[in-house]
Ligand SMILES: *Cc1c(COP(=O)(O)O)cnc(C)c1O
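Numbering (this note's numbering), first residue to last: 50 to 407.
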């Protein structure tokens, strides 16, 4: 059927809208979006207040102070950092810059769905390789590269699995990939799990790898929309062309900068989140669940089948607790629970004591 009026380009007309979490009624608890259970650093909140009356002006298009703070804390070159309105903006720009119709983007079976959406936006194919035990299989990724593959997209630690592979495995994957293939390592949850001795940022020196981070999770700034990445210089130049010139608001830059400089607060959030996560996971284990070990601020909960997951979801919703269904990630038998307030986690665990079959 021809539609009346203007027609979008074919790849947009044929794609589905991005599957956000269901809206959460005001008096429910949302554990569906991996938001931090903690407010941002008080220093970030003060920084926002202090700059609020400068909002008549456009923000710094070069994110100067923010990049300097990131460079200082992470010991990386500020000139190689780009900031985005969330790391989603950077993922979208990277895929637009390096893939188009006829090209392919390769991901992992239970990888981040936005990479698929961003590929569809440009008319590129998005292919996934299977995971084993909810874990990324780097050999399978390397083996699935074809002449059409332009980008390999890897999320580590993974969302929604929560599992991790070692940085050494990522370095080995890079060595297995053709030099012309761009490797994107999305580390949205890295702050929850940064004990790995292999410096992942060094991979960027290979000139064909990008490492992405975000302020949305451990720093509790999902609402401010700030992500960043370390890019080889040539790739940064091209990706910059695709970002909105004033993409991160002044208030958001000020908040992210102050949050980055308050590492002690972020460490506290990460430690407390991990304690709650381990307590929650051990309650589930006692009830008979086998959850993959999480290195993030959420837990993936596998049920015996999709209908058991649906029944549990309905029971939780009856009590105003909203988790995230995982059918879109090829895991219809799973629910994903973001780590929230300790009392809410205990309520979730209490409603799941009948185990994975109930
Ligand atoms: C939350 C998340 C992001 C971050 O998105 P923002 O746009 O920075 O809020 C990126 N990748 C993964 C895997 C995530 O879970």
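From the three backbone atoms N, C-alpha and C, an ideal C-beta is built for every residue, glycine too.
The structure displayed is predicted, hence computed values, not measured ones.
Counting along the chain, where does the beta strand (DSSP E) carrying residue 56 start and finish? As a first step, residue 56 is located in the chain shown; it is residue number 7 there, counting from the start. Taken as a continuous stretch (DSSP letters only), residue 56 belongs to no beta strand (DSSP E), as it is neither H nor E.
Which residues in the same chain as residue 354 place their Cβ atom closer than 7 angstroms to its Cβ, once the five residues preceding and following it in sequence are excluded? As a position in the chain shown, residue 354 is number 305, starting the count at 1. Here the set comprises 382.
At 4 residues or longer, what runs of the alpha helix (DSSP H) sit wholly inside the region 243-306? The region 243-306 contains these whole alpha helix (DSSP H) runs: 282-289.
Ligand 1 site residues, beta-carbon cut 5 angstroms against heavy atoms: Spelled out in chain order, the answer is 135, 136, 137, 161, 204, 208, 235, 237, 263, 265 and 276.
Could you give the first and the last residue of the continuous beta strand (DSSP E) run that contains residue 234? As a position in the chain shown, residue 234 is number 185, starting the count at 1. Run containing residue 234: 231-235, per the beta strand (DSSP E) assignment.
Considering Cα atoms alone, identify which of 157, 268, 255 and 337 is closest to residue 352. Along the chain shown, read from residue 1 onward, the residue named residue 352 stands at position 303. It is 337.
Roughly how many angstroms lie between the CA atoms of residue 362 and residue 98, to the nearest whole one? As a position in the chain shown, residue 362 is number 313, starting the count at 1. As a position in the chain shown, residue 98 is number 49, starting the count at 1. So the alpha carbons of these two residues sit roughly 39 angstroms apart.
Can you check whether the CB of residue 104 is closer than 8 angstroms to the CB of residue 299? Working through the chain shown from its first residue, we reach residue 299 at position 250. Working through the chain shown from its first residue, we reach residue 104 at position 55. A Cβ-Cβ contact shorter than 8 angstroms links residue 299 with residue 104.
Beta-carbon spacing of residue 157, residue 115 below 8 angstroms: For the purposes of this step, residue 157 is identified with residue 108 of the chain shown, where counting begins at 1. For the purposes of this step, residue 115 is identified with residue 66 of the chain shown, where counting begins at 1. No.
Between residue 256 and the rest of its own chain, which residues show a CB-CB distance below 6 angstroms, the 5 nearest in sequence each way excluded? One-based indexing of the chain shown puts residue 256 at position 207. Same-chain partners within the cutoff: 281.
Whose C-alpha, out of 220, 109, 267 and 270, is nearest the C-alpha of residue 259? Your numbering for residue 259 matches position 210 in the chain shown. Nearest C-alpha to residue 259: 220.
Can you say whether residue 181 is buried or exposed, counting buried as having 16 or more other CB atoms within 10 angstroms of its CB? Locating residue 181 in the chain shown gives position 132, counting from the first residue. That one is exposed.
Check the C-beta distance from residue 185 over to residue 214 and give it rounded, since I have them as a contact under 8 angstroms. The count along the chain shown starts at 1 and reaches residue 185 at position 136. The count along the chain shown starts at 1 and reaches residue 214 at position 165. A Cβ-Cβ distance of about 5 angstroms is found for the pair residue 185 and residue 214, placing them in contact under the 8 angstroms criterion.
Residue 368 burial status per 10 Å Cβ neighbour count (16 or more: buried): Residue numbering aside, residue 368 sits at position 319 when the chain shown is read from its first letter. Label assigned to residue 368: exposed.
CA-CA distance, residue 396 and residue 374? In the chain shown, counting from the first residue as 1, residue 396 sits at position 347. In the chain shown, counting from the first residue as 1, residue 374 sits at position 325. Looking at the two C-alpha atoms, the distance is approximately 18 angstroms.
Suppose only complete runs of 4+ residues qualify. What are the alpha helix (DSSP H) ranges in the region 306-337, listed by chain order? If we require 4 residues or more, the alpha helix (DSSP H) runs fully inside the region 306-337 come out as 312-335.
Separation of residue 388 from residue 85, as counted between CA atoms: As a first step, residue 85 is located in the chain shown; it is residue number 36 there, counting from the start. As a first step, residue 388 is located in the chain shown; it is residue number 339 there, counting from the start. One C-alpha to the other measures close to 8 angstroms.
With 16 other Cβ atoms within 10 Å as the buried cut-off, status of residue 317: As a working note, residue 317 is residue 268 in the chain shown. Exposed, since its Cβ has fewer than 16 Cβ neighbours within 10 Å.
In whole angstroms, give me the CA-to-CA distance for residue 200 and residue 349. Looking up residue 200 in the chain shown gives position 151. Looking up residue 349 in the chain shown gives position 300. Rounded to whole angstroms, the gap between the alpha carbons of residue 200 and residue 349 is 27 angstroms.
I'd like the list of long-range same chain contacts for residue 400, defined as Cβ closer than 8 angstroms, with 5 residues on each side in sequence excluded. The residue labelled residue 400 in the question sits at position 351 within the chain shown. The answer, listed in chain order, is 361, 364, 365, 368 and 370.
Less than 8 angstroms between the beta carbons of residue 171 and residue 148, yes or no? The residue you call residue 171 lines up with position 122 of the chain shown. The residue you call residue 148 lines up with position 99 of the chain shown. When the beta-carbon positions are compared, residue 171 and residue 148 come within less than 8 angstroms of each other.
At least three beta-carbon pairs within less than 8 angstroms, the region 244-251 to the region 222-230: Taking a cut-off of 8 angstroms for Cβ pairs, the region 244-251 and the region 222-230 do not touch, as fewer than three such pairs fall below it.
Curious, which full-length alpha helix (DSSP H) runs of at least 4 residues does the region 90-170 contain? Taken in chain order, the unbroken stretches of alpha helix (DSSP H) that lie wholly in the region 90-170 and span 4 residues or more are 91-100, 113-123 and 136-147.
By the 10 Å Cβ neighbour count, where 16 or more other Cβ atoms means buried, how is residue 167 classified, buried or exposed? By one-based count along the chain shown, residue 167 stands at place 118. Buried, by the Cβ-count rule.
Go ahead and label residue 334 buried or exposed: buried means 16 or more other beta carbons lie within 10 angstroms of its beta carbon, across all protein chains shown. If you number the chain shown from 1, residue 334 lands on position 285. The residue in question, residue 334, is exposed, as its Cβ has fewer than 16 Cβ neighbours within 10 Å.
Ordered list of alpha helix (DSSP H) runs contained in the region 180-206, each at least 4 residues: The DSSP assignment places 187-192 as complete runs of the alpha helix (DSSP H) inside the region 180-206, in order along the chain (cut-off: 4 residues).
Could you please give the first and the last residue of the uninterrupted alpha helix (DSSP H) stretch that includes residue 357? Stepping through the chain shown from its first residue, residue 357 is reached at position 308. 355-367 is the extent of the alpha helix (DSSP H) around residue 357.
Contacting residues, own chain, Cβ-Cβ under 6 angstroms from residue 187 (five flanking each side not counted): For this step, residue 187 is matched to residue 138 along the chain shown. Within the same chain, residue 187 has close Cβ partners 218 and 222.
I'd like to confirm the pairing. Which residues does DSSP put opposite residue 347 in its beta bridges? On the chain shown, position 298 is the one that residue 347 refers to. Bridge partners of residue 347: 387.
Assuming residue 203 contacts residue 233 (C-beta within less than 8 angstroms), just tell me the rounded distance between them. To locate residue 203, count along the chain shown from 1; it is residue 154. To locate residue 233, count along the chain shown from 1; it is residue 184. The Cβ separation is near 7 angstroms, so the contact holds.
Can you tell me the Cα-Cα spacing of residue 305 and residue 60, whole angstroms? Counting from one through the chain shown, the residue named residue 305 turns up at place 256. Counting from one through the chain shown, the residue named residue 60 turns up at place 11. If you take the alpha carbons of residue 305 and residue 60, they lie about 35 angstroms apart.
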